[in-house]
Each structure stands twice: as structure tokens, then as C-alpha cells.
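The sequence shown begins at 173 in this note's numbering and counts up one residue at a time.
In what follows, a structure is listed as C-alpha cells, so that the remarks can point back to it.
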Amino acid sequence: MELPFAESYKIKMVETIKKSTREEREKWIKEANYNLFNLKSNQVFIDLLTDSGTGAMSDKQWSAMMLGDESYAGASSYYNLKNTIKELLGFEYFLPTHQGRAAENVLFSATVKEGDLVPGNSHFDTTKGHIEFRKAKAIDCTIDEAFDTEIDHPFKGNVDLTKLENTIKEHTPEKIPFIILTVTCNSSGGQPVSIENMKGIRAIADKYNIPVYYDSARFAENAYFIKIREKGYENKTIKEIVKEMFSYADGMTMSSKKDAIVNMGGFIALKSEETFKKATVFNIVFEGFITYGGMSGRDMNALAQGLDEGTEFDYLNTRIKQVAYLGQKLTDFGIPVQKPYGGHAIFVNAKKFLPLVPKEEYIAQTLAVELYLEAGIRGVEIGTLLADRDPDTRENRYPALELLRLAIPRRVYTNNHMDVIAVALKNVFDRREQITKGFNIIDEAPIMRHFTVKLERK
Ligand code: F0G
């Protein structure tokens with residue numbers, strides 16, 4: 173008999189989580205103005221708000237922290253991280269930052285100007301925010317298949333190369349400071365990009381002399397999907413695939429809080445010394461001196477160790493199989509989810525789940541609130557609230573998909589938790605006909621409103 177699947181680690185430390193009553197949750201979510209970001213963590217039983225900074229570090233990462241060198245300049249922890257980035261990812265130059273959006277802030281300050289266009293595959297909201305903040309535009313060139321949750325395409329993060337080239341031709345290469353490729357593509361459901369697509373993007377970039385940067389928060393999960401889905405890569409190690417992926421990039425921004433399994437941190441890595449020099453100026457202004465840039469020495473040590481662990485097959489297999497386990501349970505209950513299952517999260521198709529809620533009333537947010545009320549599970553809306561308003565017209569932007577993201581923290585929950593999530597969502601699904609109303613906005617910020625928006629029931 174074939175042995176069943178089991179985690180590639182055992183548990184050394186635990187943290188208590190508490191259940192609550194529906195009555196308590198009704199009160200708390202109202203007090204939070206129906207925004208799940210406003211809940212206190214102890215009001216949540218299973219927290220799927222994000223997989224960012226919520227992972228469990230290993231014994232090796234914790235011990236690496238004890239060896240952190242807190243020197244302001246030239247710390248050994250900096251060189252440790254620099255060497256890991258060089259060896260693992262192949263970049264000569266690197267700048268630490270306190271998290272991913274800080275890396276975007278620094279790199280984009282050095283490269284993006286008013287009127288520019290930045291094509292890519294469904295830019296993450298902070299990436300888009302940093303582009304629009306500079307009065308430039310993010311152009312989504314993702315393949316059309318990504319916007320149909322039922323199509324089973326192996327690389328739904330891929331860029332449509334014709335859309336990309338047409339964008340460049342239409343707007344001229346001078347208006348395009350770089351192409352940004354998000355691996356895996358969070359906004360389209362944690363979907364990977366193939367090596368073949370990366371090579372195609374590289375070829376177009378070379379033709380028009382435009383740099384390519386990867387938004388690399390989940391690069392290791394992307395490499396895992398290449399190994400199991402792309403022909404010719406099945407016998408390569410994750411580390412070999414990672415090296416090849418980045419060989420087609422000029423640089424990267426990294427939120428280390430995801431695939432590097434640390435609670436805080438980020439970096440920029442580059443091949444060009446010239447761009448590195450430009451970015452250095454902004455790093456010093458915004459983040460800190462170049463050998464720590466917003467990170468403490470111990471955090472850089474834990475990050476170096478996390479990059480190594482996070483690119484091991486057994487760890488990634490455990491991780492991605494758990495996400496797929498939840499996906500399969502939901503599919504078995506008939507719940508519409510993005511397929512194939514993403515690397516870091518399951519994305520529930522809220523428009524199909526709640527067909528009676530009008531799009532003006534924030535469908536995915538309505539589902540997120542219902543799931544919280546059902547069992548104290550906190551997911552996050554990837555829909556109209558996140559999509560913000562058009563910067564010119566100030567009208568709501570209605571995205572092709574309204575999704576409820578259930579992001580799974582790394583090495584944190586067991587499959588028993590996955591079972592609870594699946595049944596809770598099934599219970600909401602069973603009463604979906606009674607859910608016909610959503611929310612009104614009573615207060616919102618001019619940009620990235622989803623974090624702080626206040627809502628009232630319709
Ligand atoms: N890029 C991607 C693809 C991301 O998913 C994130 C963060 C960032 C950049 C920004 O990084 O948070 O370290 O500043 N994503 C988190 C999420 C917040 O929940 O998906 P950060």
C-alpha cells in the first residue's frame with residue numbers, strides 16, 4: 173500500500189487559539205465596521221487574512237537569529253544574506269528593505285516617472301499603488317484564461333506576449349521603464365508563470381531594450397509548479413529552477429514575508445550596478461544604510477536561512493499539498509474556486525457563490541463577512557474594494573473576478589483546520605439563497621482603501 177502524505181516537519185512550539193460564539197462575532201464585526209482588517213487577532217479563530225509574515229520559523233531560523241550581527245555598517249548578517257542571494261538567485265547587487273512595498277518604493281523612486289506605463293501580469297495592489305502614486309499606469313497583460321476560474325490552465329500567471337508587445341509598440345519603449353512579472357501572480361489566484369513565458373518576455377524586453385523585474389514574493393512556489401507542471405523540469409531541483417527563472421530577469425523586488433518564511437523583511441536584487449547606485453540613494457533616505465536597510469542583523473540571518481529552506485522540495489510539497497487539500501474539499505462540496513489551486517491560497521469565486529448580491533454592494537466582502545460570522549475564520553476580499561477607484565474618473569473599478577482569498581500561513585495550521593474551514597464555507601454555501609444584500613461604503617481612503625474602509629449593511 174502506498175504511504176499517505178505527511179508533513180516534512182514536526183511541531184516544537186504551539187500557540188493557543190480561541191473559538192468564539194456567533195453572538196460575539198456579530199458584535200465584533202459591527203464594531204470593526206465590517207472590515208476584517210479592523211478585527212483584533214483574538215477575535216479570530218483561524219486567520220487566513222494573509223500568508224505574509226504569518227509563517228512559523230524553523231529551529232534553524234531561530235538559532236540563526238541568535239547569531240545576528242547588529243553592527244550599523246558591514247554586519248556579518250548582511251554579508252551572509254548577500255552571499256545567499258548571489259548563490260541562490262544569481263544577483264550581484266542587493267539592498268535590504270523592511271518589506272516588499274518598501275523595495276517597490278525604493279526601486280520605483282529610481283525608475284518610474286509621471287506618464288510612464290508599467291506592463292505586467294495583474295500587478296499586486298502595493299505595486300500598482302506605487303506606480304499610480306508616481307502618476308504612471310500599470311497595464312495588465314495577463315492571459316485571458318486567468319480570468320475564468322473554471323479553465324484548468326497550468327500557468328495562469330502567464331503574460332500574453334501579444335498584449336505585451338502591442339502595449340510597448342502603442343506607447344513606445346521610452347514610456348516603459350520596465351516590465352514587472354509577479355511570480356506567482358497573487359492577484360490572479362497565486363497562479364504560476366512558466367519558464368517558457370519568462371523566456372518569451374525576455375526576448376521582447378531585449379528587442380525593445382526594456383529591463384524586466386520580478387515581483388518575487390512567492391518565487392519558490394512558482395518554481396515548484398514549474399517542476400511539477402512544465403515539461404523538461406521534472407528532474408531539476410527547485411534551486412536549479414529558481415536560478416534559471418532569475419536568469420531571465422534584470423532584477424527583483426522581494427517581500428521576504430512569504431516564501432522566505434520570515435515575519436518581516438524584504439529586498440531588491442539587481443544585475444545592473446547603475447540601477448543599484450540610483451536605488452541606493454533612495455534606500456538610504458527611506459530605509460536605512462545599505463548594509464541593513466530597515467532590517468536588524470538577526471532578521472537578515474533568519475531570512476538567509478529561510479531562503480534556503482523555502483527552496484527545498486519537501487517543504488514546498490508539504491505546503492502546496494495542504495493548500496490543494498483545502499481546495500479539493502471545497503470542490504467536493506460544489507463550491508466554485510479558482511482552478512488549478514494556487515500556491516499560497518484558495519480563491520473562492522464570490523460572484524458565483526453569491527449570485528444575488530449586486531456588484532455595487534461588494535460581493536466578495538459580503539462573503540468574507542459571512543464566513544467570519546459562521547466560524548471566526550478571517551479571509552480577505554480580492555474584489556472591488558481592493559481594485560480601488562479609477563485615478564482619473566474616481567469611479568469604482570469592477571474587476572473581472574470577485575474573489576474571497578483564503579491565504580494559508582506557512583507551517584502554521586494542520587489539515588484539521590482545513591476541514592473546519594471547508595465545512596464552515598459549505599454551511600454558508602448551503603444558505604446562499606438567503607444572502608441578497610451587501611454593504612455601502614461610509615468612509616474610504618483615496619488610495620489602497622481596502623485596509624481602512626468603513627462599511628455599513630445595506
Ligand atoms: N508583491 C506581492 C505579489 C505581494 O503579494 C505583496 C504582499 C507585496 C508585493 C508587498 O509586500 O507586504 O511585504 O510590503 N502581499 C501580502 C498579501 C500583503 O497578503 O498578499 P509587503
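Glycine is no exception: its CB is placed at the ideal position from the N, C-alpha and C atoms.
Note that the coordinates shown come from a computational prediction; the quantities given were computed from them, not determined experimentally.
Check, Outcome
"Between which residues of its own chain and Ala474 is the CB-CB distance below 7 Å, once the five residues before and five after are set aside?", "Met229, Gln233, Ala236, Met237 and Val434"
"Below 8 Å, how does it come out for the region 564 to 580 and the region 534 to 552: are there three or more Cβ pairs, yes or no?", "yes"
"Does the ligand F0G have even one heavy atom less than 6 Å from the beta-carbon of Asn252?", "no"
"In three-state DSSP terms, what is Gln271?", "coil"
"Alpha carbon to alpha carbon, how far is Tyr585 from Ile183? Give it in angstroms, no decimals.", "11 Å"
"What whole-angstrom Cβ distance do Gly555 and Ala522 have, given they're in contact under 8 Å?", "6 Å"
"From what residue to what residue does the beta strand (DSSP E) around Tyr385 run?", "Val384 to Asp387"
"Does the beta-carbon of His528 have 16 or more other beta-carbons within 10 angstroms, so that it is buried, or is it exposed?", "It is Leu, not His, that sits at residue 528 in the sequence shown. Leu528 is exposed by the Cβ-count criterion."
"Are there 16 or more other CB atoms within 10 angstroms of the CB of Met185, so buried, or fewer, so exposed?", "exposed"
"For the beta strand (DSSP E) containing Asn612, name the first residue and the last one.", "Phe611 to Asp615"
"Let me make sure I understand the geometry here. Which of Met620, Ile315, Glu402 and Gly514 has the alpha-carbon closest to that of Thr356?", "Gly514"
"When the Cβ atoms of the region 398 to 415 are set against those of the region 440 to 447, are three or more pairs found closer than 8 Å?", "no"
"Could you tell me which residues DSSP pairs with Cys313 in its beta bridges?", "For Cys313, which the question treats as bridged, DSSP gives no partner whatsoever."
"Contact check, Ser249 vs Met424 under 8 Å by CB: the rounded distance?", "At roughly 20 Å, the Cβ-Cβ gap does not stay under 8 Å, so Ser249 and Met424 are not in contact."
"So what does DSSP say about Gln363, is it helix, strand or coil?", "strand"
"Check whether the region 264 to 281 touches the region 482 to 498, taking contact to mean three or more Cβ pairs, one atom from each stretch, closer than 8 Å.", "no"
"Among the residues of its own chain, which have a CB less than 6 Å from the CB of Asn599, if the five just before and after it don't count?", "Glu546"
"In terms of residue numbering, what span does the alpha helix (DSSP H) encompassing Val641 cover?", "Only positions 173 to 630 of the chain appear in the structure, and residue 641 is not among them; the question remains open."
"Measure the alpha-carbon distance for Glu337 versus Pro508 and round it to whole angstroms.", "33 Å"
"What does the Cβ neighbour count give for Ser243, buried or exposed, with the cut at 16 atoms within 10 Å?", "exposed"
"Which same chain residues, not among the five before or five after Ala204, have their C-beta less than 6 Å away from its C-beta?", "Asn210 and Leu211"
"Assuming the contact rule is C-beta atoms closer than 8 Å, Ile410 and Thr483 should be a hit. Round their C-beta distance to whole Å, please.", "5 Å"
"Cβ-heavy atom distance between Gln271 and the ligand F0G below 6 Å?", "yes"
"Might you give, ordered along the chain, the residues of its own chain that have their beta carbon closer than 7 Å to the beta carbon of Tyr487, omitting 5 neighbours on each side?", "Ser180 and Glu481"
"Along the chain, where does the beta strand (DSSP E) that runs through Val216 open and close?", "Val216 -> no beta strand (DSSP E), and no H or E assigned at all."
"Around the Cβ of Glu406, are there at least 16 other Cβ atoms within 10 angstroms (buried) or fewer (exposed)?", "exposed"
"Could you tell me whether any non-hydrogen atom of the ligand GTP is closer than 6 Å to the CB of Asp387?", "Ligands present in the displayed structure are limited to the ligand F0G, and the ligand GTP is not among them."
"My assumption, with CB atoms under 8 Å, is that Phe611 sits in contact with Arg629. Please give the rounded CB distance.", "6 Å"
"Taking Thr565 as the reference, give the member of Ile613, Pro618 and Arg604 with the closest Cα.", "Pro618"
"What residue range does the alpha helix (DSSP H) around Ala236 cover?", "Asp231 to Met238"
"For Lys501, collect the residues of the same chain with a Cβ closer than 6 Å to its Cβ; drop the 5 residues on either side in sequence, then sort them by chain order.", "Ala594"
"Would DSSP call Ser427 helix, strand or coil?", "strand"
"Between the Cα of Thr269 and those of Gly301, Leu253, Gly262 and Glu259, spot the shortest distance and give me the residue it belongs to.", "Leu253"
"Buried or exposed for Arg457, going by 16 or more other Cβ atoms inside 10 Å?", "It is Val, not Arg, that sits at residue 457 in the sequence shown. Under this definition Val457 is an exposed residue."
"Could you give the first and the last residue of the continuous alpha helix (DSSP H) run that contains Glu553?", "First-last for Glu553: Val552 to Ile554, but that is the beta strand (DSSP E), not the alpha helix (DSSP H)."
"Just checking Ser224 against the ligand F0G - is the residue's beta carbon closer than 6 Å to any of the ligand's heavy atoms?", "yes"
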